[in-house]
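Read in order, the letters of the sequence shown correspond to residues 31 to 90 in the working numbering.
See below for the structure under consideration.
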Amino acid sequence: MTKRFLDEHNINYTEHNINEEPEYVNYLKNQGFKMTPVLEADGMEAITGFRPDVLKQLAV
């Protein structure tokens with residue numbers, strides 16, 4: 031749902047699929063994340079899960 035939201039609002043992003051890039055699992059664990067998706071964006075705190083309230087801030 032997060033990816034669909036970003037696509038529908040023409041928000042550029044880089045996707046790291048942990049199934050295709052398992053090295054990102056360690057990165058996420060080291061950052062304290064325990065679930066996906068994780069969204070990191072400049073100027074805001076990283077979030078997990080589908081958070082349309084926060085994602086709308088990126089669509090501005």
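Cβ coordinates follow ideal geometry from the N, Cα and C atoms, glycine included.
Rounded to the nearest angstrom, the gap between the Cα atoms of V90 and P82 is 13 Å. Annotated as proximal: E45 and K33, with beta-carbon spacing under 8 Å. Residue range 53-60 is occupied by the alpha helix (DSSP H) that includes Y57. The three-state secondary structure of T78, taken from DSSP, is strand. Beta-bridge analysis with DSSP links L69 to I77.
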